[in-house]
Structures are given as C-alpha cells and as structure tokens.
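Protein chains in written order, with my numbering: chain A, 192 to 352; chain B, 1411 to 2137.
Cβ coordinates follow ideal geometry from the N, Cα and C atoms, glycine included.
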C-alpha cells in the first residue's frame, strides 16, 4: 500500500500541506483543522512534518469502543467514520505518534484518510518533502539520499587534505 | 470545450480545461474543473514538467478570485454623483475622445501606459509597449521599475544576459536574497532534487527565510551590505587560489582590477560591515569552490531595493566567472529563447527624441529594458518637469499599495487629467480613476507562455468568459482602432495574435493546444564550454564594465555602505525591510479572498526578541513604525533570535490597512537602476498609548523607548546592534 512519507530534511515549513488538508476536509484554510502537522523549531532550524503512518497493526482501531475506526479496503487508509465516533478520545491517547486530533466543534476525532487515494498534502508540497509512496520504496529513496550526502562529505574531506 | 465568442460555454456539462495558474508568476500547470460555465475546482496537472502536479495554496484560491462577488463586471465612469455604470463600447468611445483631445492639445508624449500583473504576464507587457509607441508616446511604465530589472541590469552588465540557473544539477545552490517557497514555489522542488543528489545549500538573507531553514549555511548580512560580503568572497576565492584560472583568462575582462579592489575586503572587515562572522565567510567560500563550477547562484528581489543594489548584484554575479559556472550543467546556462515574433516597435517608432520619462535620469534602465521610471513619471504629473504627464492607461497594477510613498502616488494619480484603470477588482488605485474597466482574468484568456528554465512553451486556455469583460488584447485593439492606428492591431483576437507570434517557431497553435502539458523547444540542454561570446560589449564577462564607466558609474562593482550605516540618525535607529513575500498573497493581490484573510488576518512587524524586550512590546502589540516620510501601524510579530538580524524589522507590502509603503522613500534610488529604497529604510518604533493618542513624533515616552530599542541598544550583552562596530 501507499502512505504519505515525510522527509524532514526537505521540509521548509511553508505550511502548504496544512492549508491543503484543511481545505480538502472542510473548505477553510484554518490550519488547526489540518490532519498533517508541521512543527518548526527555529533555533535548531528543524522542520518536522508529521502525519498518520497508517499502521499495519493500528492501536487506534483496536481501542475504539464504537468500532468507528476501520481500514479502507481500497486505499488501506485507517479512517474514522465520524457518524459513529462517540468523541471519547481514546484513539488520541492510543496513537503513539499523536497523529489523531479532536475536532472540538463537531466533537469527533479526526485523522488522515489519504483523501481517498490522492492526498492533498502531497499535491501541495512544493518542496517535494511529502511523497505518496509504496512502503517498500521508502527505504530505497532514503538510502539514495544518504548516499548522496555522504558522497558530498567525502569529496569535501578529500579536497580539504 | 467550445468557447462561444462573447458568451458562456457551449456545453453546460462538466469539463476539464488544462492551463496554467497565474496566481503568481511561477505559472504551474493546472486542471480547471468547470460545471455549467463556472469554475468549481482546480488541481495540479501532473503532466506539466514545471510543477509536476504540485500546487501551493494560492492556486486553489484562483477559483475564489475568478468568481469573486466583488469582481468588476461593468465599466464605470466617475461622475460628481459617484460611479456610473456605462456600456463598454461607450466607455471606450469616451476614453478615445478624451485621449485625442489630450494628444491634440498637449502632444502624444503626455499619455502613458502602466502594466501591472494581476491579469497576466506574457504578451500583456509587449501589447502595452506596442500600443503606446503606436500612439506616439515613449512612456511605457510598469512595476518593473522596482522589480526584476535591477537584477537584469546586474546580470546583463557582467554576463551580457541573465542566464538560467541550473538548480537541479548543481553541487551547490546559493539562494541570495530569494525565498522560493513563498515567491517561486517550483524552485523549491528543484532545490530538494539537488540536495537529494548531494548538493549543499547556502541561503543569504538577513531573515531566516523558509528556504534558509534547509540551508547548510545561513549567511545573515545586515540589509544592503551584500556587496561587501560578495567582495569578501571574491577576495577569499582568489586568495586560496581556487578560482577557475582558465575561465578567467579566456572569458573575462577586469579580473586584476576586481581582485585588487576586493583585496581590502578581508573576512574581518566584512564581519565588521555585514555582521557575518569571518569563519562563516571562509566556509561559504570553501563550499562554493567545492562545487567545481556546478554552482547555481540565484539572485533574488531582496537585493534590488537598496541604494547600492546594482553594484551589490554585480559583485555577486561576478562570482560566476571566478567559479567558472557559465556553460556548466548545474551552473549558469545561456539558452536561446523561443523565437517568437516580437510585438515591439522600438526600431520602427522609438520616440526617444520625445524624452521617455526617467531615461535621462536613469539611462541604463532605459537602455537595457526600455523601461521608463514610474517614480519620475509620477513626479512629472505633479511638477511638469520635464513635461507634464496628463493621461495614464493602467492595467492591473496597484501602485497605491506597491509603489513607494503612497501619499505622493495618490497626489499624482489624482492630478492626472485622465486615469483609466483596468482590473479585476476596485483596487485602491482603481478608486482614483476616471474610468474603471473590468478585465478578463487569466482563466478568460489565451496566451503563449514560456518556462525558459526548462525550455517548454505552453498555451493557456480560456476556461469561461463574461460579457462586457475584455481580454487585454481586445482592449488595446479596440482603443487603437478608435484612435486611428488600428493597423498596429490587425489581429481579430488573441488566437489570431498567438498564431502570428508562433509563426517563426515551427510550433503551430494547434499543436500547442493539443499539448496542455507544454512542448519542448530548442536544442536539449548541454554541458559544455562557456559561450564563445557573451552578449556584453566586449564579448567577455565584464568584471569591470567600461559601459557603466562611460556613463559615469563605477566600472568595478564597488561597495557603498547603506545610508543607515554611513550616516546613522539617532531619531531613526531601526532599519526596515519591506516586501518579504508571504505564502498566501502576491503583492497586493489575494487580500480580498475570505479564506486567505481568515487564515492571515493582519500584517505584522517582524522583530528580533531583544528589540521587543528593549521596546517592552510583546507579540500582537500594535506598534507604529515611522520613517522621515510617514507612519504605519501593525501588530508585532516577535520572531526567534536567528530569524532576523537584530535592529532590523520586516513588513510585507500589499496590506491596505497596514500599508508598508506609507514609510518607503520615492526619492532615494539606486543610481544605476533607479530602484527605490524599500529594503533598508531608517525608521523608529513607538508604542501608541491608545487609539488617537500617543502618536509621538519625537518627544515623550515613545521617544525614550526608541532610544532603548534602537540598533545601538544591543540590549545588554545581546548580539549587538545592526551598526555594531562599523560606526
């Protein structure tokens, strides 16, 4: 299956993804409605985009007393059926990544649903930091990037000698 | 989908039209979804090679803009009783008649056109230039008197032209005064691609811009001191012997003079002047050299709005020659443009004897771009010197928010005998007009666009049309025919014009229309030696410019200290940058989109935390920023200590309620480009005690605060003021 893969090393915290998610799921640009969140730490110059990884063994599904969280057979996304959600927030507590938030207006839990298979956040990521990728591609992409960085470092060490 | 001339769409059903976004100048590929003649959604076009389907948040608001309830739908005429709706044909008749009267009485040169960018960006400029020259006046004005041309001059005078910066294939990417995530989104993808292949990224900016967050080295000079930094890099690269000797010998003039001039810019001197630590300068030079010529050096708009802007840019551009980037993949590429037919009449009807406004004062600006100088033109309206400008046809520009010194802009526009404004909305500028005409948006027009960086040409498609709302071409065409020079606008419509423009290219309009993802043009990109001849007077890269020397300017890219450092004024202890781009807005555009204003409701004064402490202000407090010419109020945004140089403030322009250009100068210019001082403005900051009171203008408690919070303050052991050590 494909998931939204985040590459913090490319993220510029422009927040296009947060705006796109909020827009896709309600038509506003209120970032607090976004299911993907980007944390930016200026002192360290670190950007951390975080979203649901659609766990194979999803604790949020296990813990939901209303049976409102299930896996979309088409996309593999773990989705919340808002109509059945009781607003108990157990899923928020269960998620090890904090990828579920609570919509205080509608009183339901919200999480990434992969937009039905074409995630809006990825389409809005102008830095190419987010990708909608097959799980087995992820390691290969990361390896290529680390390889390139290492090569640059080694080349520079050689030149400094 | 068939488009019926002058009417709605022929097929009411849902359709998709592939075209380009024009919410900013990056022009991403989009698919526009139309239902019953209305745009209902848009998404990225995965097949367009510039944007690869990715779109920033501005793009989706295109839907909100084109069907905005406030869009102008009818022509308006100013009357003593207020705006009166009139038929388009009548408006054109009346405008033509008044123009003929003005031309008859005062001469054609008292008429001008002013190109803005809210409706388009391709043929729009050349059509306006063609119209005004056919009318008999040389006075073409545009937003380019303060954007882009400063950098064009900087590149042109050194390299002969402005090359494509091959970011994707670079080993080192330098973003100098540019923040692509907010201004040219798709450069960000390319920076990521380069970094994934091992490239290093250097960001030079007094602010920690979005792109600087990812930089291996963030270099933060004081505003306007970039030339000193660049000369320091020249010295360091020469000193360690890492410059490309073969390139310098074969392709440059003026190397010895430049090296000698730069020799006094030691890392320690540069540190004093710019605030950039000597060690950072050395590591920056080392990182640049390690790219072995595969260095993509992009000079941004941040460099232009300074008194020494062009020289600073020239010094930066000169690094290309030292590092041997020209011709190299990942460096500076000199690509032939798509050979479209030219609409320009500068050979046929140059009209230079009529005195293009600003051409005497800023000869290089006119010589290299045939650009008149808007600030000189506004002066001419008020002063009659060298002659009184009386009429202006302004299309989709909003100088009331984007030109410096708003008060003077208002006075000048109001003093015109005739001001005609075409736009999508009743802007602050349109509100001053005698006639306001509704303009077609980018979704109602067909234009030929080139993405020169990737050598792809794309035809934009009309998605819908509105009655009484003209395309840019139709407006110039109809007016020209009324004024008696219709022969210069013989094409029936944009389509016929596009066909004529494309003739020499070997690409037909039909082919282009069949390829909404664009078509490649020209030879594939090469990786080879530098061009045999650069397009400069000597045919070489000019590290010293005899052309500029002959005009009385510096031959070498000499560094001149900005006034706020050279002659500090205790009454104005802060230095203000205006115009850093914001994600949601393009200049004055986008502020009327409710989704955007909900997400970002107000302007902000960005401030270093030490300065906030010294001024005793907190995030969200309203402050008043005052320069020698005016004041503006906005809430403070306290940023992290590495997000802005201490003593430096930033306000983005384009906000009607907190208009940064109330404090920028329209009488202090870069001597070469004529660009106004908008990014190193001396200001003071005060805290209004309450509404209507406390507008201290130099006395009282606020002034005491000013003293405490100034760049000299340094706030006890802090990182020191902007002027630390250089006074």
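Inset, instruction - Would you kindly report the start and end of the unbroken beta strand (DSSP E) that includes residue 1486 of chain B? - result: As a working mapping, residue 1486 of chain B is identified with position 76 in the second chain. Looking at the DSSP string, the run of the beta strand (DSSP E) that includes residue 1486 of chain B is 1485-1489.
Inset, instruction - Could you give the DSSP three-state label for residue 1565 of chain B: helix, strand or coil? - result: Residue 1565 of chain B sits at position 155 when you count from the first residue of the second chain. Helix at residue 1565 of chain B.
Inset, instruction - Could you tell me the distance, in whole angstroms, from the CA atom of residue 207 of chain A to the CA atom of residue 227 of chain A? - result: Here residue 207 of chain A corresponds to residue number 16 of the first chain, with the count starting at 1. Here residue 227 of chain A corresponds to residue number 36 of the first chain, with the count starting at 1. C-alpha separation (whole angstroms): 10 Å.
Legend entry - Closer than 8 Å to chain A by CB, residue 1808 of chain B: As a position in the second chain, residue 1808 of chain B is number 398, starting the count at 1. So no, residue 1808 of chain B is outside the interface.
Legend entry - Contact list for residue 1595 of chain B against chain A, beta-carbon separation under 7 Å: On the second chain, residue 1595 of chain B is found 185 positions in, with the first residue counted as 1. Ordered by position in chain A, the residues that pass the 7 Å Cβ test against residue 1595 of chain B are 317.
Legend entry - Contact set between the stretch 1455-1480 of chain B and chain A, restricted to residues whose Cβ is under 7 Å from the partner: 1463, 1464, 1465, 1466, 1467, 1470
Inset, instruction - Could you name the residues of the stretch 233-253 of chain A whose beta carbon sits closer than 7 Å to any beta carbon of chain B, in the order they occur along the chain? - result: 233, 234, 236, 238
Legend entry - Selection of the stretch 1711-1735 of chain B by Cβ proximity to chain A, strictly under 8 Å: Only those residues of the stretch 1711-1735 of chain B whose C-beta falls short of 8 Å from the nearest C-beta of chain A would be listed, and there are none.
Legend entry - DSSP bridge partner residues for residue 271 of chain A (one or two, in chain order): As a position in the first chain, residue 271 of chain A is number 80, starting the count at 1. Paired residue(s): A:260.
Legend entry - Chain-order list of residues whose beta-carbon lies under 6 Å from that of residue 305 of chain A (same chain, five-residue window excluded): Reading the first chain from its first residue, position 114 is the one you call residue 305 of chain A. Excluding sequence neighbours, residue 305 of chain A sits near 266, 268.
Inset, instruction - Determine the contact status of residue 1714 of chain B and residue 1617 of chain B, defining contact as a CB-CB distance below 8 Å. - result: Residue numbering aside, residue 1714 of chain B sits at position 304 when the second chain is read from its first letter. Residue numbering aside, residue 1617 of chain B sits at position 207 when the second chain is read from its first letter. Going by beta carbons, residue 1714 of chain B and residue 1617 of chain B fall outside the 8 Å limit.
Inset, instruction - Give me whichever residues DSSP pairs with residue 1861 of chain B in a beta bridge. - result: Counting from 1 along the second chain, the entry for residue 1861 of chain B is found at position 451. Residue pairing from DSSP places residue 1861 of chain B in a beta bridge opposite B:1866.
Legend entry - Span separating the alpha-carbon of residue 1586 of chain B from that of residue 1781 of chain B: On the second chain, residue 1586 of chain B is found 176 positions in, with the first residue counted as 1. On the second chain, residue 1781 of chain B is found 371 positions in, with the first residue counted as 1. One C-alpha to the other measures close to 25 Å.
Legend entry - Contact set between residue 1621 of chain B and chain A, taken where Cβ atoms lie within less than 8 Å: Residue mapping note: residue 1621 of chain B aligns to position 211 of the second chain, counting from 1. By Cβ distance, chain A contributes 203.
Legend entry - Candidates B:1597, B:1860, B:1862, B:1856, of which the one nearest residue 1870 of chain B by Cα: Within the second chain, residue 1870 of chain B is the residue found at index 460, counting from 1. The shortest C-alpha separation from residue 1870 of chain B is found at B:1856.
Legend entry - residue 220 of chain A burial status per 10 Å Cβ neighbour count (16 or more: buried): Along the first chain, one-based indexing puts residue 220 of chain A at 29. Flag for residue 220 of chain A reads buried.
Legend entry - Beta-carbon contacts of residue 211 of chain A that lie in its chain and below 6 Å, excluding the five residues immediately before and after: In the first chain, the residue the question calls residue 211 of chain A occupies position 20. Taken in chain order, the residues that qualify are 311, 312, 315.
Inset, instruction - Name, in chain order, the residues that DSSP records as bridge partners for residue 1645 of chain B. - result: What you label residue 1645 of chain B is simply residue 235 of the second chain in a count that begins at 1. DSSP output for residue 1645 of chain B lists no bridge partner at all.
Inset, instruction - Would you give the residue range spanned by the beta strand (DSSP E) that residue 1610 of chain B belongs to? - result: Reading the second chain from its first residue, position 200 is the one you call residue 1610 of chain B. It spans 1610-1614 - the beta strand (DSSP E) in which residue 1610 of chain B sits, taken as one unbroken run.
Inset, instruction - Determine the contact status of residue 2140 of chain B and residue 1553 of chain B, defining contact as a CB-CB distance below 8 Å. - result: This structure does not reach residue 2140 of chain B, given that chain B is present from 1411 up to 2137, and the question cannot be answered.
Inset, instruction - Note the first and the last residue of the continuous alpha helix (DSSP H) segment covering residue 1886 of chain B. - result: For the purposes of this step, residue 1886 of chain B is identified with residue 476 of the second chain, where counting begins at 1. Start and end: 1882-1893.
Inset, instruction - Just tell me which of B:1787, B:1555, B:1627, B:2082 has its CA closest to the CA of residue 1567 of chain B. - result: Within the second chain, numbered from 1, the residue matching residue 1567 of chain B stands at position 157. The shortest C-alpha separation from residue 1567 of chain B is found at B:2082.
Legend entry - Alpha-carbon spacing of residue 2071 of chain B relative to residue 1915 of chain B, whole angstroms: As a first step, residue 2071 of chain B must be located in the second chain, where it is residue number 661. As a first step, residue 1915 of chain B must be located in the second chain, where it is residue number 505. Rounded to the nearest angstrom, the two C-alpha atoms are 43 Å apart.
Inset, instruction - With DSSP as the reference, label residue 2115 of chain B as helix, strand or coil. - result: Locating residue 2115 of chain B in the second chain gives position 705, where the first residue counts as 1. Reliability of the predicted coordinates at residue 2115 of chain B is poor, the pLDDT of 36 falling under 50, and the value obtained from them is presented with this limitation in mind. The answer is helix: DSSP assigns residue 2115 of chain B an H, G or I state.
Inset, instruction - Specify, as a first and last residue, the run of the alpha helix (DSSP H) that residue 1917 of chain B falls within. - result: Sequence index remark: in the second chain, residue 1917 of chain B carries index 507 (1-based). Taken as a continuous stretch (DSSP letters only), residue 1917 of chain B belongs to no alpha helix (DSSP H), as it is neither H nor E.
Legend entry - Residue interval of the beta strand (DSSP E) (run including residue 2093 of chain B): Mapped onto the second chain, residue 2093 of chain B falls at position 683. It spans 2091-2096 - the beta strand (DSSP E) in which residue 2093 of chain B sits, taken as one unbroken run.
Inset, instruction - Kindly indicate which three-state DSSP category residue 1671 of chain B falls into: helix, strand or coil? - result: Here residue 1671 of chain B corresponds to residue number 261 of the second chain, with the count starting at 1. DSSP, reduced to helix, strand and coil, places residue 1671 of chain B within a helical segment of the structure shown.
Legend entry - C-alpha gap between residue 2088 of chain B and residue 1634 of chain B, whole angstroms: Locating residue 2088 of chain B in the second chain gives position 678, where the first residue counts as 1. Locating residue 1634 of chain B in the second chain gives position 224, where the first residue counts as 1. Taking the straight line from one Cα to the other gives about 10 Å.
Inset, instruction - Would you give the residue range spanned by the alpha helix (DSSP H) that residue 1514 of chain B belongs to? - result: As a first step, residue 1514 of chain B must be located in the second chain, where it is residue number 104. Its alpha helix (DSSP H) spans residues 1498-1516.
Legend entry - Within 8 Å, strictly: CB atoms of residue 342 of chain A and residue 1932 of chain B: The sequence position of residue 342 of chain A within the first chain is 151, counting from 1. The sequence position of residue 1932 of chain B within the second chain is 522, counting from 1. Not a contact, by the Cβ cut-off of 8 Å.
Legend entry - Contact list for residue 186 of chain A against chain B, beta-carbon separation under 7 Å: Outside the shown range of chain A (192 to 352) lies residue 186 of chain A, about which nothing can therefore be said.
Legend entry - Endpoints, beta strand (DSSP E) assigned at residue 194 of chain A: Locating residue 194 of chain A in the first chain gives position 3, counting from the first residue. Start and end: 193-197.
Inset, instruction - Indicate whether at least one CB of chain A lies closer than 8 Å to the CB of residue 1500 of chain B. - result: Numbered from its first residue, the second chain carries residue 1500 of chain B at position 90. It does not: the Cβ of residue 1500 of chain B has no partner Cβ on chain A nearer than 8 Å.
Legend entry - Helix, strand or coil at residue 1780 of chain B according to DSSP, with G and I counted as helix: On the second chain, residue 1780 of chain B is found 370 positions in, with the first residue counted as 1. Here residue 1780 of chain B sits in coil by DSSP.
Legend entry - Inter-residue CB distance, residue 1445 of chain B and residue 1424 of chain B (contact presumed, cutoff 8 Å): Within the second chain, numbered from 1, the residue matching residue 1445 of chain B stands at position 35. Within the second chain, numbered from 1, the residue matching residue 1424 of chain B stands at position 14. Their Cβ separation, rounded to whole angstroms, is 5 Å, which keeps residue 1445 of chain B and residue 1424 of chain B in contact under 8 Å.
Legend entry - Whether residue 1946 of chain B touches residue 1529 of chain B by CB criterion (8 Å): Your numbering for residue 1946 of chain B matches position 536 in the second chain. Your numbering for residue 1529 of chain B matches position 119 in the second chain. No.
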